[in-house]
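Right, one structure below, let's go through it.
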Amino acid sequence: GDEAGVEEANAAEAVVQEAAEVVAEAAEVVAEVAQEVEAVAQDVAGVAEESAEAVEEPAKVVAQEPEGN
């Protein structure tokens, strides 16, 4: 009866190895996506900063104008 146990262990090991490879590949993909997301986030942050500055100036001007009535 030991042979069946050995075969099962080998099969289990093969499954574990395959799973490990899949996980490793997934991790690589996630790392690549993370880098792309980071680059996009930096771009968005830059645009947001520029937009904020662009909005700030007129907002200051508007705030200084006395209201009618």
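In UniProt numbering, the protein residues as written are 1 to 69. Quick reminder that beta carbons are idealized off the backbone N, C-alpha and C, glycines included.
Worksheet item: Looking at the unbroken alpha helix (DSSP H) that takes in E18, where does it start and where does it end?
Response: Position 18 of the sequence shown, counted from the start, is the residue given in the question as residue 18. First-last of the alpha helix (DSSP H) with E18: D2 to Q64.
Discussion item. Quick check: the Cα distance between A63 and A31, rounded to an integer number of angstroms?
Written reply: As a working mapping, residue 63 is identified with position 63 in the sequence shown. As a working mapping, residue 31 is identified with position 31 in the sequence shown. Those two C-alpha atoms are separated by around 46 Å.
Worksheet item: Taking just the CA atoms, how far does G68 sit from A45?
Response: By 1-based counting over the sequence shown, the position of residue 45 is 45. By 1-based counting over the sequence shown, the position of residue 68 is 68. Near 37 Å, if we compare the C-alpha coordinates of G68 and A45.
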